[in-house]
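Enquirer: Below are the structure tokens for one structure; questions will follow.
In the numbering used here, the protein residues as written are 936 to 1198.
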């Protein structure tokens, strides 16, 4: 039987352990953390192997936390929960809760499968799209959320200062790209060109999550030509999962009260 762990707890020994740990880049092993673990190990009568496992767990969790903070920085998803526990699926009859929750496991990221959230305003498309992005971050994938119009404005502005390639690369690189309010404004020829290049670069390599208020039949109307529309749309819909949002939405009229609007 393994012996109970009872390592020395004098200050010099703890200082020495911390110094050795830092030399190995084990930054979570602070003197206070070690002291707490030692006391807990003695109190619970942990074996040496169990105590060692506790030490390793501390470092593993600390590194995962640091990685998540690094991924979330600049993602636009820092405050977004990676779940849909408070989301009312019953108000969206066509949106299958099981199918959406299954997407939270993020296999679609590994499969480079696009997700299209489509439906009228006020039904939670952005909420679901952002939750999927945050879930991907928590699985270790880097993600980026952006309103489509702001993305295209940034790309067009980059032409003037010669940073177009750098800006485009910024949105090609993330494992997950979330385009919100897609098609809220019509695309001009230059914006369409940028969008096509971006979608093509990510096609079957890294997924795009799209949140849009317009139906597929009217997608062509937001592009300057049918050929440009089909080239971009075909790549977005290829190997995509479609999430239909319908039901009742809530909007705030001018008097500030909520009124129910049926879809």
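We treat Cβ as the ideally placed atom computed from N, Cα and C, and that holds for glycine. Everything numeric in this text was worked out from a predicted model, so none of it was measured.
1) Below 8 Å between beta carbons: does that hold for residue 953 and residue 969?
2) Between residue 1120 and residue 1060, what straight-line distance do the alpha-carbon atoms span, to the nearest angstrom?
3) Which term fits residue 981, buried or exposed, when burial requires 16 or more other beta carbons within 10 angstroms of its beta carbon?
4) If distances are taken between C-alpha atoms only, which option among 1177, 1020, 1164, 1172 comes closest to residue 1128?
5) I believe residue 1126 touches residue 1155 by the beta-carbon criterion, under 8 Å. Please report the beta-carbon distance rounded to the nearest angstrom.
6) Would you identify the three-state DSSP class for residue 921, choosing helix, strand or coil?
7) Please confirm whether residue 1081 and residue 1113 have their CB atoms less than 8 Å apart.
8) Using the rule of at least 16 other Cβ atoms within 10 Å of the residue's Cβ for burial, across every protein chain shown, is residue 1151 buried or exposed?
9) Looking only at its chain, what residues have a beta carbon closer than 7 Å to the beta carbon of residue 1124, apart from the 5 residues adjacent to it on each side?
10) Just grab the DSSP bridge partners of residue 1054 for me.
11) What residues match up with residue 1078 in a beta bridge as DSSP calls it?
12) Closest to residue 1020 by CA distance: which of 1013, 1032, 983 is it?
13) Using the rule of at least 16 other Cβ atoms within 10 Å of the residue's Cβ for burial, across every protein chain shown, is residue 1142 buried or exposed?
14) Can you find at least 3 beta carbon pairs, one from the stretch 1040-1055 and one from the stretch 1168-1179, that sit closer than 8 Å?
15) Can you give the Cα-Cα distance for residue 1115 and residue 1144, rounded to whole angstroms?
16) Taking residue 1044 and residue 987 to be in contact with their CB atoms under 8 Å, please state how far apart those CB atoms are, rounded to whole angstroms.
17) Looking only at DSSP bridge pairs, what is residue 1143 linked to?
18) Under a Cβ-count criterion, where at least 16 other Cβ atoms within 10 Å of its own Cβ denotes burial, should residue 1134 be classed as buried or exposed?
19) Can you give the Cα-Cα distance for residue 1147 and residue 1118, rounded to whole angstroms?
20) As an exercise, report each continuous alpha helix (DSSP H) stretch of at least 4 residues that is fully enclosed by the stretch 1016-1071, in chain order.
21) Do residue 1007 and residue 1182 have their CB atoms nearer than 8 Å?
22) Fully enclosed by the stretch 960-1027, which alpha helix (DSSP H) runs are 4 residues long or longer?
23) Nearest by alpha-carbon distance to residue 966: which of 948, 959, 976 is it?
24) I believe residue 1132 touches residue 1103 by the beta-carbon criterion, under 8 Å. Please report the beta-carbon distance rounded to the nearest angstrom.
25) Residue 1130 and residue 1087: beta carbons closer than 8 Å?
26) What is the DSSP secondary structure of residue 1158, counted as helix, strand or coil?
27) Could you tell me which residues DSSP puts in a beta bridge with residue 1117?
28) If you compare alpha carbons, which of 1035, 961, 1009 is closest to residue 1106?
Expert: This is what the structure gives:
1) yes
2) 17 Å
3) buried
4) 1164
5) Not quite, the Cβ-Cβ distance comes to about 15 Å (not below 8 Å), so this is no contact.
6) Outside the displayed span of the chain (936 to 1198) sits residue 921, for which this structure offers no information.
7) yes
8) exposed
9) 1159
10) 1180
11) 1111
12) 1032
13) buried
14) yes
15) 8 Å
16) Residue 1044 to residue 987, Cβ: 34 Å. No contact.
17) 1112
18) buried
19) 7 Å
20) 1032-1038, 1042-1045
21) no
22) 966-979, 983-1007
23) 948
24) 6 Å
25) yes
26) coil
27) 1147
28) 1009
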